[in-house]
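Read through the structure below, which is laid out as structure tokens, and then see the notes.
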Amino acid sequence: MAMTDAETPEPTTVEPDTSSGALGLELAPRDAEPGEVTAEEICMVTDSRGAIAEQFRSLRNSITALNPDGAPRTVVLTSAVDGEGKSVATVNLAIALAEIPGNQILVVDANLHDPSIEYYLGERPYKGLADVLRGGCALDGAIRRTSIQGVSLMGPGTLPENPSKLLGSDRTKVVLNTLKQRFSYVLIDTPAAMFIGDASLLGAMVDGIVMVIKMGDTAKHLVEQTYNQLETLGGNVLGTCLTSGRTGEQKPGKKRRRK
Ligand SMILES: Nc1ncnc2c1ncn2[C@@H]1O[C@H](COP(=O)(O)OP(=O)(O)OP(=O)(O)O)[C@@H](O)[C@H]1O
Ligand SMILES: [Mg+2]
Numbered sequence: 036m037a038m039t040d041a042e043t044p045e046p047t048t049v050e051p052d053t054s055s056g057a058l059g060l061e062l063a064p065r066d067a068e069p070g071e072v073t074a075e076e077i078c079m080v081t082d083s084r085g086a087i088a089e090q091f092r093s094l095r096n097s098i099t100a101l102n103p104d105g106a107p108r109t110v111v112l113t114s115a116v117d118g119e120g121k122s123v124a125t126v127n128l129a130i131a132l133a134e135i136p137g138n139q140i141l142v143v144d145a146n147l148h149d150p151s152i153e154y155y156l157g158e159r160p161y162k163g164l165a166d167v168l169r170g171g172c173a174l175d176g177a178i179r180r181t182s183i184q185g186v187s188l189m190g191p192g193t194l195p196e197n198p199s200k201l202l203g204s205d206r207t208k209v210v211l212n213t214l215k216q217r218f219s220y221v222l223i224d225t226p227a228a229m230f231i232g233d234a235s236l237l238g239a240m241v242d243g244i245v246m247v248i249k250m251g252d253t254a255k256h257l258v259e260q261t262y263n264q265l266e267t268l269g270g271n272v273l274g275t276c277l278t279s280g281r282t283g284e285q286k287p288g289k290k291r292r293r294k
């Protein structure tokens, strides 16, 4: 299917707001108020009527068409190599899915090597996935609302020494299944799949995988190899998202969390 440093603050102590969210989650603790999306790549915000935004809506439609009963779904986004546009695509797709009335979307940053979802969503570093998997943080304390209606975020949290070991634990499966019961779609951003096993590992735990491919740049054999690897390890590749991300480049001024 062709579808188309600054200083990292210490994690804050989480005191969840006592008001319960729509999904029964206690979202948006007092010290995690939503930020603001300013990254120009997030075209669903910065150019929501443009051609690329329409391509993300088209990708959304393809994914929802595969799910006619509207059951909750967990979806991993990955690519063959670094910098193909996975994180940008994850955020744009989440916003496109949240345009469907009633949808509640959770974006999980599972790129525990080089996370960037907080940057793209204009959010501050906060408790997140790695803290939950270590058992040091309740699920609710690691999820916050974003400035986008219907889009919540679980950031990476405090980065581990060994991401694969943490992600490969049984707890990951339990956490993902719990999240699935609370959101319409859980979109999981991951590292490139070719040389790091995390995406394949997570891909085997979820309902589907979207492969992000930088058009005209990533070698076909690498894409095929990655596809085969994901499927062989138990993943279900739903389709591809073609991007024009700048492979291997980092946008000037892009702030990423220190490892
Ligand atoms: N739709 C887009 N429009 C403009 N620039 C984009 C777009 N998508 C991605 N880029 C650029 O491509 C680069 C990589 O994007 P992104 O961070 O999403 O890639 P990634 O695959 O998540 O990278 P990594 O493998 O390091 O996690 C960034 O500099 C980003 O600004
Ligand atoms: Mg990324």
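Taking the working numbering, the leading residue of the sequence shown gets 36, the next gets one more, and so forth.
Built from N, CA and C at the ideal position, the CB exists for glycine as well.
From a predicted model like this one, the values you see are computed outputs, not experimental measurements.
For residue i, the first and last residue of its enclosing alpha helix (DSSP H)
{"i": "Cys78", "result": "78-81"}
{"i": "Thr261", "result": "255-267"}
{"i": "Ile98", "result": "86-100"}
{"i": "Leu132", "result": "121-133"}
Host beta strand (DSSP E) of residue i (start-end)
{"i": "Arg108", "result": "108-114"}
{"i": "Val72", "result": "Looking at the DSSP string, Val72 is not in any beta strand (DSSP E), and its letter there is neither H nor E."}
{"i": "Ile244", "result": "243-249"}
{"i": "Leu273", "result": "272-278"}
{"i": "Asp144", "result": "140-144"}
CA nearest to the CA of residue i, picked from the options
{"i": "Ile223", "options": "Gln90, Ser151, Arg169, Ser279", "result": "Ser151"}
{"i": "Leu202", "options": "Ala165, Lys249, Gly192, Met189", "result": "Ala165"}
{"i": "Thr267", "options": "Ala239, Met79, Thr275, His148", "result": "Ala239"}
{"i": "Ser97", "options": "Ala131, Glu75, Gly269", "result": "Ala131"}
{"i": "Ala177", "options": "Leu188, Ser83, Leu211, Ser93", "result": "Leu188"}
{"i": "Gln264", "options": "Met79, Ile231, Pro69", "result": "Ile231"}
{"i": "Asp252", "options": "Thr99, Gly118, Ala234", "result": "Gly118"}
{"i": "Val110", "options": "Met250, Ser279, Arg217, Leu211", "result": "Leu211"}
{"i": "Ala74", "options": "Glu259, Glu153, Ile135", "result": "Glu153"}
{"i": "Val272", "options": "Ala100, Ser235, Ile87", "result": "Ser235"}
{"i": "Leu237", "options": "Leu101, Ser83, Leu257, Leu112", "result": "Leu112"}
{"i": "Gln260", "options": "Ser182, Ala86, Val116", "result": "Val116"}
{"i": "Lys200", "options": "Asp233, Val209, Thr193", "result": "Asp233"}
{"i": "Asp175", "options": "Thr213, Ala124, Thr193", "result": "Thr213"}
{"i": "Thr193", "options": "Met250, Met229, Asp149", "result": "Asp149"}
{"i": "Ala124", "options": "Leu101, Glu89, Gly105, Lys215", "result": "Glu89"}
{"i": "Gly105", "options": "Val143, Lys215, Val209", "result": "Lys215"}
Contact check, residue i vs residue j, beta carbons under 9 Å
{"i": "Ala173", "j": "Thr225", "result": "no"}
{"i": "Met246", "j": "Tyr220", "result": "no"}
{"i": "Cys276", "j": "Leu141", "result": "no"}
{"i": "Tyr161", "j": "Arg179", "result": "yes"}
{"i": "Leu156", "j": "Val72", "result": "yes"}
{"i": "Leu168", "j": "Ser204", "result": "yes"}
{"i": "Arg108", "j": "Gly269", "result": "no"}
{"i": "Pro138", "j": "Phe91", "result": "Looking at the sequence itself, residue 138 is Asn, so the reference to Pro does not match. Result no, Cβ atoms of Asn138 and Phe91 do not sit closer than 9 Å."}
{"i": "Glu158", "j": "Gly70", "result": "yes"}
{"i": "Leu295", "j": "Pro195", "result": "This structure cannot settle anything about residue 295, because the visible part of the chain is limited to 36 through 294."}
{"i": "Arg206", "j": "Gly170", "result": "yes"}
{"i": "Ile77", "j": "Thr99", "result": "no"}
{"i": "Ala129", "j": "Ile87", "result": "no"}
Integer-rounded CB distance, given that residue j should sit under 8 Å from residue i
{"i": "Ser114", "j": "Ala254", "result": "Wrong, their Cβ atoms sit about 12 Å apart, outside the cutoff."}
{"i": "Asp133", "j": "Val186", "result": "The question names Asp, yet the displayed sequence has Ala at residue 133. So it is a contact: roughly 5 Å between Cβ atoms."}
{"i": "Gly163", "j": "Pro191", "result": "5 Å"}
{"i": "Gly85", "j": "Thr278", "result": "Not confirmed; about 14 Å, so no contact."}
- Start-end ranges of the alpha helix (DSSP H) lying completely within the segment 155-233, minimum 4 residues: DSSP runs (the alpha helix (DSSP H)) wholly in the segment 155-233: 164-169, 198-202, 205-217.
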